[in-house]
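Q: Residue numbers (numbering that gives the first Met the number 0): 0 to 255.
C-beta atoms are modelled at their ideal positions from N, C-alpha and C, and glycine is treated no differently.
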Amino acid sequence: MKTIARNHQKRRFTAGPSADPSAPVWLWGQHAVEAALANPKREILRQIASENAARRLGLSDVEILDPKAIDKLLPPGAVHQGLAIRVKPLEALSLDDVLASPHAPTRICVLDQLSDPHNLGAIFRSAAAFGIGAIILQTRHTPPITGVAAKSAAGAIETVAEVRAVNIARAIDQLGAEGFHTIGLAGEGDETIRNAISGAPKVAFVMGAEGSGLRPAVAKACATLARIPMQPGMESLNVSNAAAIAFYESMPSKES
């Protein structure tokens, strides 16, 4: 199935069979670290900073390390800006918990086996920017949210609810039963996103994995498939770009 929420990169990111979703992780970069420190639900295990970063941000209760020493603690290429913290992962919510909340969101995103942490982080960032209340991820085939995704999210993983579901198609069915108009993003969609959203009080966007897009069973579970109109010659967008467009189109009111 061809989908607009597509990524042509060949590199794949997976959690691996030994990944432990409860294992502590490093977060780095100013936005990700500040957002985590401001989140009362975060358990901070270690906080480190370069002397310049600590002075710049007025940090006092922090372990001071040379930037090169911080480099050695983090994955290669991590742009930490002199800040990093070791934390326990946030506890993922169940869909039942989210829907039963007195502040249950009316706009949700469902990601079907998304595996690139940069895309995942970018989608969280767009979700926070455009008011998407929760992101549903598959329990087994989507890796835990770690430092790479957190850096791309620029703090949004602290504010947008992470929901884990064993079966994505069943989660979509449950959303439909709760009054959500479930919209799968696909290049062969019969409607544009704008038309698909029109008049729906509650919306859930469903987006497929990089390269393969929506799985057939997941696409079938959606109430409708919608597309983003594009110029001839371009058949797809990166999944994070498609998500940002869909989220923006779904905002209750937008400035002209």
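1) Can you confirm whether Thr141, when its beta carbon is compared against all beta carbons of chain B, has any partner nearer than 8 Å?
2) What is the C-beta distance between Ala164 and Ile156, in whole angstroms, given that I count them as a contact (C-beta under 8 Å)?
3) Just to confirm the assignment, what range does the alpha helix (DSSP H) spanning Ile131 have?
4) Mind checking whether Pro104 and Ala127 have CB atoms under 8 Å apart?
5) Rounded C-beta distance between Ile69 and Ser49? I'm assuming under 8 Å.
6) Going by other Cβ atoms of all chains shown within 10 Å of its Cβ, with 16 needed for buried, is Ala22 buried or exposed?
7) Taking only three categories from DSSP, how would you classify Arg85?
8) Let me confirm a value: Gly154 is counted as buried when at least 16 other C-beta atoms fall within 10 Å, else exposed. Which label applies?
9) Straight-line CA distance for Leu92 to Val109?
10) Tell me the start and end of each unbroken alpha helix (DSSP H) in the stretch 167–214 that is at least 4 residues and wholly inside, in chain order.
11) Going by DSSP in three states, Gln29 sits in which element: helix, strand or coil?
12) Among residues of its own chain, excluding the 5 on either side of Tyr247, which ones have a beta-carbon nearer than 6 Å to its beta-carbon?
13) Counting along the chain, where does the alpha helix (DSSP H) carrying Leu94 start and finish?
14) Return the chain-ordered ranges of every beta strand (DSSP E) run that is complete within the stretch 97–123 and spans a minimum of 3 residues.
15) So for Leu64, helix, strand or coil by DSSP?
16) Cutting at 7 Å between CB atoms, please list the residues of its own chain near Leu82, excluding the five before and the five after it.
17) Considering Arg54, what are the terminal residues of the beta strand (DSSP E) in which it resides?
A: Quick answer:
1) Here chain B cannot be found, since the structure has a single protein chain.
2) Within the sequence shown, residue 164 is the residue found at index 165, counting from 1. Within the sequence shown, residue 156 is the residue found at index 157, counting from 1. At roughly 18 Å, the Cβ-Cβ gap does not stay under 8 Å, so Ala164 and Ile156 are not in contact.
3) For the purposes of this step, residue 131 is taken as residue 132 along the sequence shown, with counting starting at 1. No alpha helix (DSSP H) holds Ile131; DSSP gives it neither H nor E.
4) Here residue 104 corresponds to residue number 105 of the sequence shown, with the count starting at 1. Here residue 127 corresponds to residue number 128 of the sequence shown, with the count starting at 1. Against a cut-off of 8 Å, the Cβ pair of Ala127 and Pro104 comes out as no contact.
5) For the purposes of this step, residue 69 is taken as residue 70 along the sequence shown, with counting starting at 1. For the purposes of this step, residue 49 is taken as residue 50 along the sequence shown, with counting starting at 1. Right, their Cβ atoms sit about 7 Å apart.
6) By 1-based counting over the sequence shown, the position of residue 22 is 23. Within 10 angstroms of the beta-carbon of Ala22 lie fewer than 16 other beta-carbons, which makes it exposed.
7) Taking the first residue of the sequence shown as 1, we reach residue 85 at position 86. Strand at Arg85.
8) The residue given as residue 154 occupies position 155 in the sequence shown. Buried is the call here.
9) As a first step, residue 92 must be located in the sequence shown, where it is residue number 93. As a first step, residue 109 must be located in the sequence shown, where it is residue number 110. Approximately 14 Å, taken between the alpha carbons.
10) Runs of the alpha helix (DSSP H) lying entirely within the stretch 167–214 and spanning at least 4 residues, in chain order: 167–176, 192–196.
11) By 1-based counting over the sequence shown, the position of residue 29 is 30. DSSP, reduced to helix, strand and coil, places Gln29 within a helical segment of the structure shown.
12) Numbered from 1 along the sequence shown, position 248 holds the residue referred to as residue 247. The residues are Phe129.
13) In the sequence shown, residue 94 corresponds to position 95, counting from 1. Where Leu94 is concerned, the enclosing alpha helix (DSSP H) stretches over 94–99.
14) Qualifying beta strand (DSSP E) stretches, in chain order: 106–110.
15) Along the sequence shown, one-based indexing puts residue 64 at 65. Of the three classes helix, strand and coil, the one that applies to Leu64 here is coil, per DSSP.
16) Taking the sequence shown and counting its residues from 1, the one referred to as residue 82 is at position 83. For Leu82, where only same-chain residues beyond five positions count, the Cβ hits under 7 Å are Trp27, Gly28, Gln29, Val32, Ala48, Ala52.
17) Counted from its first residue, the sequence shown places residue 54 at position 55. Where Arg54 is concerned, there is no enclosing beta strand (DSSP E), although the alpha helix (DSSP H) it sits in stretches over 50–56.
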